[in-house]
Amino acid sequence: MIHLDTNFLIQALVPNSAEASRLQKWLTSGEDVGISSISWSEFLCGPLASADKELAQVFFPAPEPFLALDAYQAAELFNATGRRSRSLADCQIAAVALRCDASLATSNMSDFTHFQSLGLTLA
824 MIHLDTNFLI
834 QALVPNSAEA
844 SRLQKWLTSG
854 EDVGISSISW
864 SEFLCGPLAS
874 ADKELAQVFF
884 PAPEPFLALD
894 AYQAAELFNA
904 TGRRSRSLAD
914 CQIAAVALRC
924 DASLATSNMS
934 DFTHFQSLGL
944 TLA
């Protein structure tokens, strides 16, 4: 299982991008690919073309919800990684991926490398 970070999804919608190629490869090989409701809400904040929104909804009709259990995990990640300013959403995205035993695909590796020592796998 692979979860997409917001920036990965945005780049995957750009024809011929590295992210589009990786996503296509995963989908073609039958890999389960999902997205957390946190990443999904960031994506919907846009700006985005209606065609991109419609295409993304085809691939991700039911984003993984953010549960109370995830809130506890996100807080632990936030505190364990130095309470970095503006990192709470990343902690929430990582918490959902950890609960789902999913690797996380991101275009901003530095946003998530802090969580690798805490169990997160990057795709």
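This note's numbering applies: residue 824 is where the sequence shown begins, and numbers increase by one. Here a beta-carbon is modelled for each residue, glycine too, at the ideal position from N, C-alpha and C. This one's a predicted model, so the numbers in the text were calculated from it and none came from an experiment.
Those residues which DSSP pairs with residue i across a bridge
i, result
"A928", "L827"
"I858", "L827"
"L945", "L927"
"E887", "S859"
CA nearest to the CA of residue i, picked from the options
i, options, result
"S864", "R922, I825, L921, A879", "A879"
"L892", "G869, L850, I916, E842", "I916"
"A885", "G857, L850, S873, T929", "G857"
"D855", "N830, R906, F889, A920", "A920"
"A918", "T904, P870, F883", "T904"
"F883", "L850, S908, S910", "L850"
"C914", "R922, D924, C923, A898", "A898"
"R922", "T944, S908, M932, S933", "T944"
C-beta atoms of residue i and residue j nearer than 7 Å
i, j, result
"I825", "S940", "no"
"S840", "Q847", "no"
"S930", "N830", "yes"
"L827", "A894", "no"
"L900", "F938", "yes"
"S859", "E877", "no"
"D875", "L832", "no"
Buried versus exposed, by CB contacts within 10 Å (16 or more), residue i
i, result
"S862", "buried"
"L867", "exposed"
"S844", "exposed"
"E842", "buried"
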